[in-house]
Amino acid sequence: MPKKLLRIALAGNPNSGKTTIFNNLTGTRQKVGNWPGVTVEKKEGEIHRNGYDIKIIDLPGTYSLTPFTIEEIVARDFILEEVPDVVIDIIDASNLERSLYLANQLRELDCKVIFALNMADLARSRGMHIDAGIMSELLGVPIVFTVGNKGEGLTELIQTAIDLAGSPVEIPEERKVRYSKDIEGAIGELRSVVEERTDGSFPYNRRWVAVKLLEDDQIIKQRMKQVLGASAAEPVLEAAKRLRGQLMGRFDEDPEIIMTDERYGFIAGIMREAVTTSARRRMDFSRNIDLVLTNRFLGFPIFIFFIWAMFQLTFTLGAYPMEWIDAGIGVFSGFVAGLLPAGMLKDLIVNGIIAGVGSILIFLPNILLLFFCISLFEDTGYMSRAAFLMDKIMHLIGLHGKSFIPMLMGFGCNVPAIMATRTLESRTDRILTIMITPFMSCSARLPVYIVLAGSFFAASAGTVIFILYLLGIVVAILSGRLLRSVLLRGIEAPFVMELPPYRVPMLKSLLIHMWDRSKMFLKKMGGIILVGSIVVWALSSFPSDINYSRDYAGQIERIEMVYAEKIRDAAPEAVVDLKSRRAQMIRDVKNMRYQEKARKSYIGRIGQMVEPVFEPVGIDWRGSVALLTGFVAKEIVVSTMGVLYAVDEAEAESEVLRNALKNSGMTALSALSMMVFVLLYVPCLATVSVIARETGSVRWALFNIAYTTGVAWIAALAVYQGGRLLGFS
Amino acid sequence: MLLSEMREGQTARIVAIAGEPRLRRRILEMGLTRGSEVYIEKYAPLKDPLELIIRGYHVSLRVSEAAQIEVTLKSQEGPYAEKIA
């Protein structure tokens, strides 16, 4: 017997426990992806019950189905267009009244719906008694009690869904939300127009369409025009407009406002019938926590402590596994190098692919730990408190309180920081935060500052570095204001944010969340980084047959010969000295060869080509090449400078490089200019690819490259030319 | 008076909601409808946003948004902190 396939969609408010139920139903058999065309996460899982293959789709958490936010559009479209067999609405029983708003919108949609009254134990402890029998009777919807975090009621829930899918019942007309007489009259009139003018090609419930048209729902109007053609849709839309006008005249208010009011009126009626609340309300556990955590005096210090702890955990604790991974890659790289014969292929695999991919893999511990912390903040309910505390400050930049966490994480690494913008609900806020996060000076930029500031500002190096960090923040703030007022205008999303009760997080949910992110990181980053690393490797290794201006190999041979003689003839106590002199000379020659190779490689040629661009900001071709290679990862700037300024790679951070830098004609002013450039210019390849992924568009990534580099150039120019005008050199 | 003028610990009844339609509808959908009762739980440490209790749950609004909501003062009690002390 072939198995029967059922599709069940989970709907519900944010914080209703929907994700917990989804996790408990599907376990680890989840597929995480994106809804087509948008960056809203889509989760699916498959289970097998009673001979059914059941696909469970987790719809985005929403408070309503008014199509304002992407999440609402995605959820509604899925129900309308994909027609799941059953929709289960997860309702937080302790927050019943508001949850019933979405629940009633689902009922109006005319899909087969079940209400799962979740966390009923909590509601009971608050002195709330819900009579499911009466409620089910009044609403015409099956009701199941569940306790998501204990997995209670889930078997019954699925069984009810299977039964409902097989039965023909629909919600009886008279059980739907009844509006007041005037509105019902308009709905009835419009409905008959809709019935008259549409056919099976417009497969939505007629009453619902009439309701939506009276609410001036843009999406339904558009779809009607698409499906029926503009001319056929015209009379319906005309009638809707006329009736809307009539209602507006009568109520002196938009019909959608009246209808929202009346839906809550209907809900109040249901509450009166089905819910009894015992007289005395208990002292609320969550409120007591908030007395401390959002306290006027304690709120901020505690918040700062939590952020500090998260930072410590992510970047300090994360540093240990990073070392292990680094060492592991080293061993692996050595092992592979031993297997392969010397030549192009070996160079490509060892220096191109393993080094490039390894430089990304190393972020994995950071990502895991960071997302563990963020899930912890989200699952306990602290995230919305953080937004509550920070909103005033962030709002000055035109951002939402929740933007604070990603921006702060940017000081560690921009890649997880940008991934953390997923906690923002509004797409505009998300993109704006992503665009300015790269100005937060990530830890990879620090080695560059240490070398340059250390060489040229010796005693005041610390102050210079601090000012650079500050500059990054200022540029981020200014950019935020600029982008908000120019590119990402539009209406700001209202800050109507629920502060859900605190909850004890479930380890399983935390781990699933953490793993989802990391998997995505590994999969999606891997490809782009791989290609990017190979390209940079190729640019710096080719052309391979360079015509060296001097015979370096011959020189080295001669040095070897001369010193071999000297050492043979020398007194035993002089041998050590001679050997080190020999090593020094050979190194110098090798470095000269490096330099010439670098200058003549493609990347060196590009560096010299772009030199005129960097000249006004005081950066020579070597600096330009270093900046170009910094696109792969900013730390590379240091090692490239090491090569180009005639130092052995291993000594890049030592005294030698400092002296070489000073001797190369670089001045304190040009070093400062270069540091400003490194701070602000194009984020690394990993960041760019994560921007493309999180904004869902390559165009935003390209824009970010152009914008940051433009800002960097202008800022460096101001520093360099301004400094020269003031008489510094 | 406006919701944004209320002090912590006060209870009010919503009379009217003004403002841009999209914001107004969002506020309504979250249950802040005419005639419903709101309790001002607290203002954030920087005096913006503020936290309300409505229909048994907690929600926060920016002061600028609360300034769109007209209310009548219903009753006044001390701040929550004093009550449990």
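Note that the protein sequences, when read in sequence, are chains A and B.
For the first sequence, the positions run 780 to 1508 when this note's numbering is used.
For the second sequence, the positions run 144 to 228 when this note's numbering is used.
We put the beta carbon where it would ideally sit given N, CA and C, even for glycine.
The structure presented is a predicted model; accordingly, all values stated were derived computationally and were not measured.
Practice task
Can you give me the Cβ contacts of Met1038(A) inside the same chain, cut-off strictly under 8 Å, excluding the 5 residues immediately before and after it?
Solution key: The residues are Tyr958, Ile962, Val990, Leu993 and Glu994.
Handout entry: Terminal residues of the beta strand (DSSP E) in which Tyr186(B) lies
Key = Segment Glu180 to Tyr186, the beta strand (DSSP E) holding Tyr186(B).
Handout entry: Rounded distance between the beta-carbons of Ile1346(A) and Met1364(A), thought under 8 Å
Key = Actually they are not in contact, since the Cβ atoms of Met1364(A) and Ile1346(A) sit about 13 Å apart, beyond 8 Å.
Problem - Residues that Phe894(A) bridges to, as DSSP identifies them - result: When beta bridges are read from the DSSP output, Phe894(A) appears opposite Asp868(A) and Ile922(A).
Practice task
Taking C-beta pairs closer than 9 Å, name the residues in chain B that Ile1172(A) reaches, listed in chain order.
Solution key: Neighbourhood of Ile1172(A) in chain B, by CB distance below 9 Å: Leu189, in chain order.
Handout entry: Secondary structure of Ser218(B), DSSP reduced to three states
Key = Correct three-state label for Ser218(B): strand.
Practice task
Check each candidate in Gly830(A), Arg986(A), His1179(A) and Asp910(A) and name the one with the smallest Cα separation from Gln884(A).
Solution key: Here the closest residue by C-alpha is Arg986(A).
Handout entry: Segment contact flag, the region 1403 to 1417 of chain A with the region 1472 to 1480 of chain A, C-beta cutoff 8 Å, min 3 pairs
Key = No, because fewer than three Cβ pairs between the region 1403 to 1417 of chain A and the region 1472 to 1480 of chain A fall closer than 8 Å, the two stretches do not touch.
Handout entry: Segments of 4+ residues assigned as alpha helix (DSSP H) that fall wholly inside the region 1110 to 1148 of chain A
Key = Counting only runs of at least 4 residues, the region 1110 to 1148 of chain A fully encloses the following alpha helix (DSSP H) elements, listed from N- to C-terminal order: 1123 to 1126 and 1134 to 1140.
Problem - Sequence-distant residues of the same chain with beta carbon closer than 6 Å to Ala1431(A), five excluded per side - result: Reliability fails at Ala1431(A), whose pLDDT of 48 lies under 50, so the model's placement of it is uncertain and the value that follows must be treated cautiously. By the criterion of a C-beta distance shorter than 6 Å, Ala1431(A) is surrounded in its chain by Val1417, Ser1418 and Gly1421, once the five residues flanking it on both sides are discounted.
Handout entry: Beta carbon of Phe1111(A) nearer than 9 Å to that of Ile1132(A)
Key = No, these two residues do not count as a Cβ contact at 9 Å.
Practice task
Count the CB pairs spanning the region 1350 to 1360 of chain A and the region 1404 to 1413 of chain A that are closer than 8 Å, and state whether there are at least three.
Solution key: Touching, no.
Problem - Residue closest to Phe1218(A), alpha-carbon to alpha-carbon, out of Glu850(A), Leu1440(A), Val1461(A) and Glu968(A) - result: Ranked by Cα distance from Phe1218(A), the options Glu850(A), Leu1440(A), Val1461(A) and Glu968(A) are led by Val1461(A).
Practice task
State the DSSP-derived secondary structure class of Leu838(A), mapped to helix, strand or coil.
Solution key: Three-state result, Leu838(A): coil.
Exercise for the section: Would you please state the rounded distance, in angstroms, between the beta carbons of Leu171(B) and Asp1040(A)? I believe it to be under 8 Å. Expected result: Indeed, because the Cβ distance is near 7 Å, the residues count as touching under 8 Å.
Problem - C-beta neighbour in chain B for Ala790(A), strict 9 Å - result: Taking Cβ atoms only, chain B never reaches closer than 9 Å to Ala790(A), which makes this a no.
Exercise for the section: May I have the straight-line CA-CA distance separating Ala1429(A) from Ile1104(A), to the nearest angstrom? Expected result: Here Ala1429(A) scores only 49 on pLDDT, less than 50, and its place in the model should not be relied on; the value that follows carries that caveat. Those two C-alpha atoms are separated by around 20 Å.
Exercise for the section: Return the Cβ separation of Gln720(A) and Ala965(A) in integer angstroms, given the expectation that the two are a contact with Cβ distance under 8 Å. Expected result: As shown, chain A starts at 780 and ends at 1508. That puts residue 720(A) outside it, with no answer to give.
Handout entry: Alpha-carbon to alpha-carbon, Val866(A) and Arg733(A)
Key = Not covered by the structure: residue 733(A). The range shown for chain A is 780 to 1508.
Practice task
To the nearest angstrom, report how far apart Pro1034(A) and Ala161(B) are at their CA atoms.
Solution key: Our two residues, Pro1034(A) and Ala161(B), have alpha carbons roughly 15 Å apart in a direct line.
Exercise for the section: Could you tell me whether the Cβ of Val927(A) comes closer than 9 Å to any Cβ of chain B? Expected result: The amino acid at residue 927(A) is misidentified as Val; the sequence shows Gly. Gly927(A) has a beta carbon lying at 9 Å or more from every beta carbon in chain B.
Problem - Straight-line Cα distance separating Trp1400(A) from Asn802(A) - result: Computed Cα separation, rounded: 55 Å.
Exercise for the section: Kindly list, in the order they appear in chain A, the residues whose Cβ is closer than 8 Å to that of Met173(B). Expected result: Residues of chain A whose Cβ lies closer than 8 Å to the Cβ of Met173(B) are, in chain order, Tyr842, Arg877, Val1275 and Glu1277.
Problem - Separation of Leu195(B) from Ile1172(A), as counted between CA atoms - result: Rounded to the nearest whole angstrom, the CA to CA distance from Ile1172(A) to Leu195(B) is 20 Å.
Exercise for the section: Determine the chain B residues that contact Asn874(A) at a beta-carbon separation under 7 Å, and present them in chain order. Expected result: Chain B residues near Asn874(A): Gly199 and Tyr200.
Problem - Reference Leu1016(A), options Glu968(A), Ala1497(A), Leu1289(A) and Val1455(A), closest by Cα - result: Its Cα nearest to that of Leu1016(A), the residue Glu968(A) stands out among Glu968(A), Ala1497(A), Leu1289(A) and Val1455(A).
Problem - Buried/exposed call for Lys960(A), threshold 16 Cβ in 10 Å - result: Its Cβ having fewer than 16 others within 10 Å, Lys960(A) is exposed.
Exercise for the section: Figure out for me which residue from Ala1121(A), Asp1158(A) and Met1198(A) has the closest Cα to the Cα of Leu1147(A). Expected result: Of Ala1121(A), Asp1158(A) and Met1198(A), the smallest CA-CA separation from Leu1147(A) is found for Met1198(A).
Problem - When Leu1436(A), Ala1491(A) and Trp1479(A) are compared against Met1454(A), the one with the closest alpha-carbon - result: That would be Ala1491(A), whose Cα lies nearest to the Cα of Met1454(A).
Handout entry: Alpha-carbon spacing of Arg1075(A) relative to Ile1081(A), whole angstroms
Key = Approximately 11 Å, taken between the alpha carbons.
Exercise for the section: Going by CA-CA distance only, name the one from Leu1436(A), Pro982(A) and Lys810(A) that's closest to Cys890(A). Expected result: Residue Pro982(A) is the option with its Cα nearest to Cys890(A).
Handout entry: Interface positions of the region 1074 to 1093 of chain A facing chain B (Cβ-Cβ less than 7 Å), listed along the chain
Key = When C-beta distances to chain B are compared with 7 Å, the residues of the region 1074 to 1093 of chain A below that value are Arg1075, Gly1078 and Phe1079, in chain order.
Problem - Reduced DSSP category for Thr744(A) - H, G, I as helix; E, B as strand; rest coil - result: Because chain A is modelled from 780 through 1508, residue 744(A) falls outside the range shown and cannot be assessed.
Exercise for the section: Measuring only between beta-carbons, confirm whether Ser218(B) sits less than 9 Å from chain A. Expected result: By this cut-off, Ser218(B) is not an interface position.
Problem - Where the alpha helix (DSSP H) containing Lys1379(A) begins and where it ends - result: Counted as a single uninterrupted DSSP element, the alpha helix (DSSP H) harbouring Lys1379(A) occupies residues Pro1351 to Lys1379.
Practice task
Counting only runs of 3+ residues fully inside the region 783 to 823 of chain A, write out the beta strand (DSSP E) ranges in chain order.
Solution key: With a minimum length of 3 residues, the continuous beta strand (DSSP E) runs that stay inside the region 783 to 823 of chain A are 783 to 791 and 809 to 813.
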